[in-house]
DNA sequence: TGTATTTTTTTTGTCGACAAAGAAAGTGGA
DNA sequence: TCCACTTTCTTTGTCGACAAAAAAAATACA
């Protein structure tokens, strides 16, 4: 537990407390800094952030709403476990959203969207070069989120963001165990996707989105089978 | 505002407060008993439910997370407005989810699922017979939600439920303006869908799901001239 | 009368405190 | 040692209170 300077009793602006806690906690969960299943202590968080339990609780309620945290009534609050049994359902939804959002981006994107998308791609590319796993994961999600935003469908975008968040945890698992070199392929695939969107080639965007999604699914699936073999004797 | 018996200071069970407020408020919003844009007063709610503001607030945070309520920082909390501009995006997502969930139900349903689905269909049919608009809307949503549950994909089901909720508000709007007789057609379509699911006829389920969704979309969205909906092969 | 400035009112965000629900630890008897 | 029962301890759910922010009302001034 990182102890914050007690001296630096930072004067927060009124109303910023919940968002602060929410953002940080969400990132820590998605980056697996908080392990799935680990307990969450309201009073400890209150002490850590130097605020009362009320804003902490409201942040937790939000996270519960997103399925990142689970609560047993009157007892224990903990980081949600990754649902390995429901993984195929997740993959199914993820691939479909890859397709749909990429396709819609090809249809509805505007000039400024491409600038934004390319910026995220540059960040992703940089993260791959510097081998920064955490950054790779986060920027990859941001890249696809930007594409979804360009598709101009808030419902898909919201749903997709949620799926991508959950995916960050699984990818982190992957990159923690094996130091793989595959991501450079993702960079190329991203470039193809950008080209298809820019050309407003809906069919190509659909195809590439699907292929890209299945790529990632395959990566994670490979990890799982290895994990199962490892764990089966325990 | 319905005033509850002040005598009946009901002894709630510890921990039930938030859920109580959340469920009731959600229903009131979706049934348009609380008009879009209308203000929400925490202290009034606290008085109404006979509890302090803390559980009220946590229920509101949940509703904000689902987009049913909006808050301006430090000022005003109100029921979300229905986004007419983003309607085509909504329809797009709704029809796709109709397809996907019906299709998956045909693939993965178990015997007990059909019992559940038929029960909801019976309720819907009864609501149509008795011309109970509110019940028609709610039971229709429950019917499709049951189908989604039978599809065994929690991600789709969750997303679909959210869309159906938002749809309840729009349908309410529709049935408030026009006293139409169309719903009997929906009853028949539901029966066809059930038959396709039971027969595990994925193609038929997909087709019927799509047609049913577009039916409803057409009902609500006559005003919308733009119909750039997705039409992709799954 | 119209506008700028101060005061009051309303509503939110946060706090510290306390009691209920379980869990864990302690106690006694066979 | 094992088990049933009590007692402490931990953590949650709820409460009432208070101060900050913004809006509304009141006031001053031209």
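Chains as they are written, first to last, in this note's numbering: chain U, 1 to 234; chain G, 235 to 468.
Quick reminder that beta carbons are idealized off the backbone N, C-alpha and C, glycines included.
Cβ neighbours of residue 374 of chain G within its own chain (closer than 6 Å, five residues either side excluded): 358. Under DSSP, no beta-bridge partner is assigned to residue 260 of chain G.
A straight-line Cα-Cα distance of about 26 Å links residue 42 of chain U and residue 283 of chain G.
Residue state for residue 246 of chain G is assigned as coil, using DSSP reduced to three classes. For the C-beta of residue 397 of chain G, the chain U residues within less than 8 Å are, from N- to C-terminus, 155. Closer than 7 Å at the C-beta level to chain U, one finds these residues of the region 305–327 of chain G: 307, 308, 320, 323, 324, 326, 327.
Contact annotation for residue 448 of chain G against chain U: no contact, minimum CB-CB distance about 17 Å [criterion: below 8 Å].
Within 10 angstroms of the beta-carbon of residue 309 of chain G lie fewer than 16 other beta-carbons, which makes it exposed. Here DSSP, grouped into helix, strand and coil, assigns residue 303 of chain G to strand.
CA-to-CA, the gap between residue 328 of chain G and residue 334 of chain G works out to about 10 Å. Around the beta carbon of residue 102 of chain U, 16 or more other beta carbons sit within 10 angstroms, so the residue counts as buried. Around the CB of residue 115 of chain U, fewer than 16 other CB atoms lie within 10 Å, so the residue is classed as exposed. Residue environment for residue 219 of chain U: buried (at least 16 other C-beta atoms within 10 angstroms of its C-beta). Annotation for residue 333 of chain G: the continuous alpha helix (DSSP H) segment containing it runs 321–342. When the Cα atoms are used, residue 384 of chain G and residue 97 of chain U turn out to be separated by approximately 21 Å. Residue pairing for residue 39 of chain U: DSSP places it in a beta bridge opposite U/78. For residue 335 of chain G, the nearest beta carbon of chain U is not closer than 9 Å to its own beta carbon.
Listed along chain U are 57, 58, 61, each with a C-beta nearer than 8 Å to that of residue 292 of chain G. With a cutoff of 9 Å on beta-carbon distance, residue 162 of chain U and residue 66 of chain U are scored as near each other. The beta carbon of residue 426 of chain G sits closer than 7 Å to the beta carbons of 442 from its chain, once the five residues preceding and following it are set aside; these are given in chain order. Fewer than three beta-carbon pairs drawn from the region 362–373 of chain G and the region 280–295 of chain G are found closer than 8 Å, and the two stretches are therefore not classed as touching. Apart from the 5 residues on each side of it in sequence, residue 340 of chain G sits with its Cβ closer than 7 Å to the Cβ of 430, 431, 434, 435, 436, 439 in its chain, given in chain order. Under the 10 Å beta carbon count, residue 183 of chain U is surrounded by 16 or more other beta carbons and is classified as buried. Taking the beta carbon of residue 249 of chain G as reference, the chain U residues within 8 Å of it are 73, 74, listed in sequence order. Scanning chain G for C-beta atoms nearer than 8 Å to the C-beta of residue 152 of chain U yields 323, reported in chain order.
With contacts defined as CB atoms closer than 9 Å, residue 280 of chain G and residue 256 of chain G fail to qualify as a contacting pair. Collapsing the DSSP output to three states places residue 370 of chain G in a helix. In this structure, the alpha-carbon of residue 138 of chain U lies about 21 Å from that of residue 155 of chain U.
In this structure, DSSP gives residue 131 of chain U a state outside helix and strand, which the three-state scheme calls coil. The beta carbon of residue 65 of chain U falls within 9 Å of a beta carbon belonging to chain G, placing the residue at that interface. Distances from the CA of residue 61 of chain U to each of G/317, G/324, G/253, G/248 were compared; the closest alpha carbon is that of G/253. In this structure, G/428 is the residue among G/428, G/446, G/250 with its C-alpha nearest to the C-alpha of residue 344 of chain G. Contacts between residue 159 of chain U and chain G, judged by CB atoms closer than 7 Å, involve 393 in chain order. Residue 405 of chain G and residue 451 of chain G have their C-alpha atoms spaced approximately 10 Å apart. Taking a 10 Å sphere around the C-beta of residue 222 of chain U, we find fewer than 16 other C-beta atoms and assign the residue as exposed.
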